[in-house]
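For reference, the structure is listed below as structure tokens.
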Amino acid sequence: MSPHGRSLRRYPVACSVTPPDPICGKARADLAAPEHFGPRSLPLFYTALERPPERLAWEPGTHGRASRILLGACEGDGEIRPMIATDLPAGSAPSWSLPGLALMPGLLYAWRIEAEREEGSDAGPPSLPCLEGRFWLLDAGKAARLAQGRQILAQSTEPEFAPIAQALMLAELGLYQEALRHIQKDSGRRVRPAHALVGHVTQALIYRQMVQLLEREARPVPPAFALWARNREAFHRKQAEARSASGPGDSPSGAAFLDML
Amino acid sequence: MTAAPVAGFSRPEATSRLAADRDRAYVEQARAGDQTAFAPLWERYWRNLFAYFCRQIGDREEAEDLASETLLAAFAQMPAFRGQNASPERPASGATFSTYLGAIARHKLARYRWRRAHRPYCGFADMLPGQAQSGEAAALEERCGADVEADPLRALLRQEHLDEVCYALVDVGLRSSESFKALLLHYLCGLPHKEIARLLDTRPETVNTRLQEGRRALLRHYRRPQSGEGASGRRRA
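Protein sequence lines correspond, in order, to chains A and B. Each residue of the first sequence is one higher than the one before, starting from 0 at the first, in numbering that gives the first Met the number 0. Each residue of the second sequence is one higher than the one before, starting from 0 at the first, in numbering that gives the first Met the number 0.
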């Protein structure tokens, strides 16, 4: 999920953990496979936001079918109390511009996209899971910390590592989506393998913090969220460990340096 | 740069001779690969170094950092330390361990002042094993204040050193996320303890502890046996 327009790719279904049917079994297998969540997979669906989202966007997983989108406050039992909903006709773009919403800082909000069932079909299309996200707005205290942190980093950070420092600061405040966006936006510039490894470790760390928050706060969030975050952490750790153990790899040797001169 | 005595390191001659003898024994052990020899050297010199840096810069946290960095750098470069050339007639001459430490401390201080005056920089670059090959402390001091950007070879070397730092940091990060954050923000981003504490919503003392743990982890990283000839100074288990 991305309320700010990031695409949602290979979203792990939130409804697939408990019922023992074949579809859910496949979904569970997907969730358990770290490689399923590759670097292009960026479903940022559990995050704090600095301000209310203006737009929701997602991976077009509904295959052009009509779908229903729902956004509301998250109840204690995990149910969504609808605040706003809309039906998107078949073939619509996978995004939804939101009207100005009065959201309370600190409260947990949820949104969900469900593909409409085909006429005459009792069962829903088996390969179309619902997409689901959770977010909350920063409270005043954390917003002040964010402003202070930005000020500190603006003065002191060396440009080469600025995005990673920013990401670490944002993740401390629960702004996971923004943190990952900073790192991924900058990944094209980290051409040196060593720097890319630092990026992977930082991403693993951000997902680790997400898991810790999910475990600590016991919010009404489906277990698949934590599983997804653990998988993402494992993916980036594996990337870092594999490349770190293989040595400098394609980094230039001393002779290559002389050639470059 | 001539080795002017660092305040806090000068002793009466007899005491100095005894201390130099003891140091030499520990240094020889350390050079032979016995890491337990570092502990007594650390205990003996850390407080003096801390006091020296405190007097010079007036910031206890930075002084703690610099004292630790000085000793870590000295240990990392132990193979290049030519203590065996010390003359018996002049035990407190330029080749004693305390003089060697003094030279590194002055280098650290100069570098600290330079980076405060110019820009944040990568603080533990000179703990890198590659520099152990470069030899004497004087060579390190000569690097002080050099404008790496003006010299392409230096710029490349700096980049290579930065890569080494990143590999070491990744090694630490896979074990301890808190040390990773503290090291990255302090050394690669040049942030002082207080500002890191604000960013991470913790106390400066906690940041200091995490940095110390991180430095120990870095030291362990560099002390591991080197694998492969082409590893460019990287050490892997």
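Here a beta-carbon is modelled for each residue, glycine too, at the ideal position from N, C-alpha and C.
Item: Segment contact flag, the stretch 189-205 of chain A with the stretch 104-114 of chain A, C-beta cutoff 8 Å, min 3 pairs; Value: no
Item: Validate contact between the stretch 139-158 of chain A and the stretch 190-198 of chain B using beta carbons, cut 8 Å, 3 pairs; Value: yes
Item: Opening and closing residue of the alpha helix (DSSP H) in which residue 53 of chain B lies; Value: 37-56
Item: Residues of the stretch 197-220 of chain A whose Cβ lies closer than 9 Å to any Cβ of chain B, in chain order; Value: 197, 199, 200, 201, 203, 204, 207, 208
Item: Beta-ladder partner(s) of residue 73 of chain A, from DSSP; Value: A:79
Item: C-beta neighbour in chain D for residue 236 of chain A, strict 9 Å; Value: This model lacks chain D altogether, as its protein chains are A and B.
Item: Residue 132 of chain A - DSSP class collapsed to helix/strand/coil; Value: strand
Item: Residues that residue 168 of chain B contacts on chain A, provided the C-beta gap is smaller than 7 Å; Value: 197
Item: DSSP state of residue 113 of chain A mapped onto helix, strand, coil; Value: strand
Item: Beta-carbon proximity check, residue 57 of chain A vs residue 104 of chain A, cutoff 9 Å; Value: no
Item: Helix, strand or coil at residue 185 of chain A according to DSSP, with G and I counted as helix; Value: helix
Item: Chain A residues whose Cβ lies nearer than 9 Å to that of residue 176 of chain B; Value: 200, 203, 204, 207, 208
Item: Chain-ordered chain A contacts of residue 200 of chain B [CB-CB under 8 Å]; Value: 144, 171
Item: Residue 259 of chain B burial status per 10 Å Cβ neighbour count (16 or more: buried); Value: Shown here, chain B extends from 0 to 236; a query on residue 259 of chain B therefore has no answer.
Item: Beta-carbon spacing of residue 94 of chain A, residue 55 of chain A below 9 Å; Value: yes
Item: As assigned by DSSP and simplified to three states, the class of residue 203 of chain B; Value: helix
Item: 9 Å Cβ cutoff, residue 193 of chain A in contact with chain B; Value: yes
Item: Any C-beta of chain A under 9 Å from that of residue 101 of chain B; Value: no
Item: Distance CB(residue 137 of chain A)-CB(residue 49 of chain A) smaller than 9 Å; Value: yes
Item: 8 Å Cβ cut-off: residues of chain A touching residue 239 of chain B; Value: With chain B covering 0 to 236 only, the question about residue 239 of chain B has no answer from this structure.
Item: Within 9 Å, strictly: CB atoms of residue 133 of chain A and residue 234 of chain A; Value: no
Item: Residue 185 of chain B vs residue 218 of chain B beta-carbon contact at 9 Å; Value: no
Item: Distance between residue 73 of chain A and residue 165 of chain B (C-alpha atoms, nearest Å); Value: 42 Å
Item: Residue-level contact to chain B via CB, residue 178 of chain A, 9 Å cutoff; Value: no
Item: Test item: CB-CB of residue 189 of chain B and residue 179 of chain B under 9 Å; Value: no
Item: 9 Å Cβ cutoff, residue 105 of chain A in contact with chain B; Value: no
Item: Range of the contiguous beta strand (DSSP E) that encloses residue 47 of chain A; Value: 45-48
Item: Burial state of residue 123 of chain B, where buried means 16 or more other Cβ atoms lie within 10 Å; Value: For residue 123 of chain B, the predicted structure reports a pLDDT of 39, less than 50, and the residue's modelled location is therefore unreliable. A value from the coordinates is still provided. Counting Cβ neighbours within 10 Å, residue 123 of chain B comes out buried, since at least 16 surround it.
Item: Spatially closest choice to residue 348 of chain A from A:131, A:162, A:183, A:140, by CA coordinates; Value: Within the shown structure, residues of chain A are numbered from 0 to 260, placing residue 348 of chain A beyond reach of any answer.
Item: Beta-ladder partner(s) of residue 68 of chain A, from DSSP; Value: A:85, A:112
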